[in-house]
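With the working numbering applied, the sequence shown corresponds to residues -11 to 283, in that order. Right, one structure below, let's go through it.
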Amino acid sequence: MRTDQPAPPGGGLRPDVHTGKVALVTGGGTGIGRATALDLAAGGARVVICGRRPEPLAEVADQIEALGGSCVTVSADIREEGSVTTVVGHALEAFGPVDVLVNNAGGQFTAPAEEISPGGRRAVHRLAVDATWAMTREVARRAMIPQRSGAVFFIAFSPRRGIPGFAHAASARAAVENLAAGLSLEWSRYGIRTVCVAPGTIATGGLDDHYTAEDRERWERSVPLGRLGRPEDVSGLISFLASPRAPTSPAPPLWSTAERTPGVPGTPCPTSPRRNPTSPRRTRPPRTTHDPLRH
Ligand SMILES: CCCCCCCCCCC/C=C/C(=O)SCCNC(=O)CCNC(=O)[C@H](O)C(C)(C)COP(=O)(O)OP(=O)(O)OC[C@H]1O[C@@H](n2cnc3c(N)ncnc32)[C@H](O)[C@@H]1OP(=O)(O)O
Ligand SMILES: NC(=O)C1=CN([C@@H]2O[C@H](COP(=O)(O)OP(=O)(O)OC[C@H]3O[C@@H](n4cnc5c(N)ncnc54)[C@H](OP(=O)(O)O)[C@@H]3O)[C@@H](O)[C@H]2O)C=CC1
């Protein structure tokens, strides 16, 4: 398949790959979360999606139901105390124990590090780290630990080594990435897999609405393939990793959809000094007659 062709529905997996499973996707009304909810439903999962605005959630639910699937929506700000308990309670009531949790809700703003106020940093960490932790713990305690199985996904960033203008956000995602790695060790005894997916820059409404064209173009140029990813690139990976076909041993804690190089793509590969006619010829060190393997 050419990479600029639309991805097949369900990430190309069998339509019964998630049959009998219940999935909870935070931020499932838009972008990557929406694509993930659709892919999991296309594989037969019953899906619960949450977000603050009811309208995008309802649109996704209608789409899933039109395709013969089941979807329940819960409108909630998961940063608020008590809302996580409410969301998980609705999921359990509607469909029973949650098998797959996708901690997708997240967001930030770009600002020079020195201009990010404590409140601004806190707003971002409350969602990406605190709400993600609260949701994971709640789902684990009420569904996955009792049933001794489950898959929990976290969303990080690529590149992972830091992003200018994103000091608050990239550090939050580093915390989440480490959480996924630690839980994968700790909760394997319950049969719970925890996986962090680090998408490259993905063309979503969220990216269009919250970042300048200049930033988006700069980020696009930094992707090795030279184009933004699609939400389906990420959702297809999550759907595969949630499926029985996913590798489980050893459990890989991090999957990246596009790791970047620090340089600009298209930079010519440095030529070997020996082949570059303008470089001075390297002089070989004199051969030694001593063979260290022979005494
Ligand atoms: C090596 C280089 C390679 C480069 C490669 C780059 C790759 C880039 C990859 C990009 C990856 C990420 C993309 C995405 O995540 S797309 C997702 C799109 N969606 C969003 O990002 C969501 C948009 N943001 C928000 O919804 C909100 O900003 C947020 C949820 C983060 C906060 O909302 P909240 O309602 O809590 O905010 P408040 O208005 O109540 O403010 C709270 C505090 O935050 C401060 N704040 C808010 N906005 C800004 C801003 N724009 N600038 C500075 N500060 C801000 C606000 O002042 C409050 O702080 P104080 O209490 O101190 O005043
Ligand atoms: N697009 C990209 O390039 C990349 C994105 N990511 C991450 O992937 C995830 C999805 O990104 P993307 O689809 O682009 O972004 P979107 O902005 O489209 O999606 C974010 C979703 O989260 C929901 N959400 C935000 N805040 C809350 C909250 N407090 N409580 C409940 N739901 C909330 C939003 O719904 P509502 O506003 O109605 O609450 C929205 O549906 C985010 O975590 C993002 O940071 C990571 C790497 C790259």
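Each residue gets a CB set at the ideal place from its N, CA and C atoms; glycine is no exception.
A direct Cα-to-Cα measurement between T182 and A162 gives close to 15 Å. When DSSP assignments are scanned along the segment 17 to 71, the uninterrupted stretches of beta strand (DSSP E) that are 3 or more residues long and fall wholly within it turn out to be 34 to 39, 59 to 63.
Not one heavy atom of ligand 2 is found less than 7 Å from the C-beta of A163. For F154, the secondary structure class from DSSP, reduced to helix, strand or coil, is coil. Sequence-distant Cβ neighbours of A25 in its own chain, meaning closer than 6 Å and more than five residues away, are V13, G16, V35, I37, V48. Sequence-distant partners of V76 (beyond 5 residues in either direction) whose C-beta falls short of 8 Å from its own C-beta, in its chain, are L12, V86, M123, E126, V127, R130, A131. In the DSSP assignment, F145 falls outside any alpha helix (DSSP H) and carries neither an H nor an E. Excluding sequence positions up to five before and after V5, its CB lies within less than 8 Å of the CB of G(-2), G31, G32, S227, S231, P232, R233, all in the same chain and listed in chain order. Only buried fits R218, as 16 or more other CB atoms lie within 10 angstroms of its CB. C-alpha of F83 to C-alpha of C59: approximately 9 Å in a straight line. In the three-state reduction of the DSSP assignment, G77 falls in the helix class, which pools H, G and I.
Rounded to whole angstroms, the separation of the alpha carbons of I20 and T189 is 11 Å. Where R129 is concerned, there is no enclosing alpha helix (DSSP H), because DSSP gives it neither an H nor an E. Residue burial is scored here from C-beta neighbours: R22 has at least 16 other C-beta atoms within 10 angstroms and is therefore classed as buried. The distance from the Cβ of G138 to that of I180 is about 5 Å, consistent with a contact at the 8 Å cut-off.
Here the distance from the Cβ of G70 to the nearest heavy atom of ligand 2 is not below 7 Å.
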